[in-house]
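As structure tokens, the structure follows; a few thoughts come after it.
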Amino acid sequence: MGLDLPAGPLVEQPDLDLRMLDHWDNLDGTVERGYAGNSVFFSQGEVYLGGRRLADYARLLASVGINAIALNNVNVNVDAMALLTERHLPRLGELANILNTFGVRLFLSVGFAGPIASGGLASADPLDPEVREWWSQTARKAYSFVPGLGGFLVKAGSESLPGPRDYGRDHAEGANVLAAALAPFGGLVVWRCFVYDCQQDWRDRSTDRAKAAYEEFLPLDGRFADNVVLQVKAGPMDFQVREPPSPLLGRMSHTAQMLELQLTQEYTGQQVHLCYLVPAWKEVLDFRPRTSVLGEGARVAQSVTGVAGVANIGDGPNWTGHDLAQANLYGFGRLAWDTTASAAHVASEWAGLTFGADHTTTEVICRMLMASWPAYEAYTAPLGVGWMVTPGTHYGPSPDGYEYSRWGTYHFADFAGVGVDRSTSHGTGFTAQYDEPWRSAFDDPATCPEELLLFFHHLPYGYVLRSGKTIIQHIYDSHFEGAAVAEDLLTMWRSLAGRVDVARFAAVEERLARQVLHAREWRDVINAYFYRKSGIPDEKGRPIF
Ligand code: GCV
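In this text, residue positions in the sequence shown follow the numbering used here: the first is 4, and each later residue adds one.
Here it is in structure tokens:
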């Protein structure tokens, strides 16, 4: 970096204790929502220990301060249920040793129905003594092979996976049975709050998926065992390009929480598009919920004991598919260590460490990174509306793709307007989950942050924004402008020809060129959709296809 070393010793204390990456890796080697190759941990049904890749990865994690990983997908399939058996535990022990050498602890995702699938029991009811005993024996066995095991990560009762509600129990009863099994070994249960009814009907405008985590978990505050940590997704829906911070964050006085972020770019361009997410994460970490629990000035970052990021790596030679997506991995580690670090500072630090100390190079890369999330937002989903992606893959535009589905992911665009009314007076009442001043701020379109306007309100296309533009004109303008920034990103990168090594230059150039084309597609599909719905032409008369 060309910086002077400090004269005396430098002592730093990380802001967050648990700095964890969640891998959604399957035993067959595939990675759910992975865009950088196959798993570095699993191949053909086995835990893979070959080569140097694992030690390199552990070293890489340690170098950015990450101290834990969950190895396997939270959607635990039948193959993965067997991870807790003698078939895989010996290798997991070896793998954990490699990680431990670098100060990284291993967690495993476990299935709530493990007692049935692996234990041969008739039920997974957490209050059933046989089930309790099965978890306790299973934990003992796991620790006998993997003494440094961090604990279990659990997705239960979500997206059709079994959970405590199947037995008339709540999430505290579900989590506590695992917690009791892990407690003798100092293990943690990381229990996810991404739980909602995925059988909705678009005609029903009162049910709101955004309300689910808060409604489900807040009443349970004080009921979780001490070694349970709730993992709360950053926003109330699901890693859209823009969402408000989850109202559950910072709201529980007796329950440890960790924030869940997504590094892998499921909804943000899948590592074909450049999308530096640190500025988005900063917004959540810096949010001040102003709850009675947290006090006036406290940030979300001060209320959580840790942060988990869904990993963006795979076995591709550059780890992240897009070379510049490494900035998200680096940035995640840096923010988990120092939540006050600025996004721009982290970007330039990463650019310098990665591409060398040439000032022009770092300056251009830093500008590209900082422009990328706003640009992606501008040419994809306007004003916080979200969910205009192709169903299943979540790549590319499909404005009505999820509009009539059961997933609760609607924008309600019609001939007159667009957006979801989540106000307390005449909408779903989601805004009531925030304390003041946020409740009132979000409730009123006049005070709602405009980037979230359509997340909270259903408004006519002619509604005038603070800029003086109507919503429909804003949609047209931002899509034209965002797609133009995608072209600028390519131009900026090309200005670095000769300053960056040939292989990386070409690889990034190829992705940016694809991004330009795909941004145009987004621009045209979304603009055409809204032109057709509203019948209102672009006041600048640009071609809308
Ligand atoms: C691991 C979204 C993703 C799923 C993911 C899920 C989750 O729905 O599309 O792939 O499953 O979130 O976070 O559990």
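Even for Gly, the Cβ is constructed at its ideal location relative to N, Cα and C.
Considering only heavy atoms of the ligand GCV, does any lie closer than 8 angstroms to the CB of residue i?
i	result
residue 302	no
residue 35	yes
residue 408	no
residue 548	no
residue 194	no
residue 162	yes
residue 241	yes
residue 158	yes
residue 27	yes
residue 76	yes
residue 397	yes
residue 148	no
residue 236	yes
residue 220	no
residue 113	no
residue 2	It is not possible to answer for residue 2, since the shown part of the chain is limited to 4 through 548.
residue 313	yes
residue 269	yes
residue 197	yes
Determine whether the beta carbon atoms of residue i and residue j lie at a separation below 9 angstroms.
i	j	result
residue 254	residue 307	no
residue 549	residue 336	Residue 549 is absent from the structure shown; the chain starts at 4 and stops at 548.
residue 514	residue 460	no
residue 164	residue 110	no
residue 528	residue 486	no
residue 475	residue 547	no
residue 203	residue 430	no
residue 311	residue 24	yes
residue 313	residue 262	no
residue 327	residue 511	yes
residue 136	residue 126	no
residue 211	residue 432	yes
residue 16	residue 217	no
residue 156	residue 77	yes
residue 463	residue 419	yes
residue 441	residue 482	no
residue 489	residue 325	no
residue 466	residue 533	no
From what residue to what residue does the beta strand (DSSP E) around residue i run?
i	result
residue 261	259–265
residue 234	231–236
residue 2	Because the chain in this structure spans residues 4 to 548, residue 2 falls outside the shown range and cannot be described.
residue 311	309–313
residue 22	21–25
residue 113	108–113
residue 72	71–73
Would residue i be called buried (16 or more neighbouring beta carbons within 10 Å of its own) or exposed?
i	result
residue 14	exposed
residue 315	buried
residue 342	buried
residue 4	exposed
residue 8	exposed
residue 206	exposed
residue 245	buried
residue 269	buried
residue 250	buried
residue 47	exposed
residue 501	exposed
residue 383	buried
residue 38	buried
Looking at the ligand ATP, does it come within less than 8 angstroms of residue i, judged from the CB to the closest heavy atom?
i	result
residue 22	Judged by which ligands are present, the ligand ATP is missing from the structure shown, whose ligands are the ligand GCV.
With residue i as the anchor, note down where its alpha helix (DSSP H) starts and where it stops.
i	result
residue 351	346–358
residue 2	With the chain running from 4 to 548 in the structure shown, residue 2 is simply not present.
residue 194	Counting along the chain, residue 194 falls outside any alpha helix (DSSP H), though it belongs to the beta strand (DSSP E) covering 191–195.
residue 495	474–497
residue 316	No alpha helix (DSSP H) holds residue 316; DSSP gives it neither H nor E.
residue 526	505–537
residue 548	Segment: none, residue 548 is in no alpha helix (DSSP H) and carries neither H nor E.
residue 446	441–446
residue 29	Premise fails: residue 29 is in no alpha helix (DSSP H) and is neither H nor E.
residue 140	132–148
residue 338	329–340
residue 183	174–185
residue 103	92–104
residue 83	81–84
residue 282	281–289
residue 36	Taken as a continuous stretch (DSSP letters only), residue 36 belongs to no alpha helix (DSSP H), as it is neither H nor E.
residue 87	Where residue 87 is concerned, there is no enclosing alpha helix (DSSP H), given that its DSSP letter is neither H nor E.
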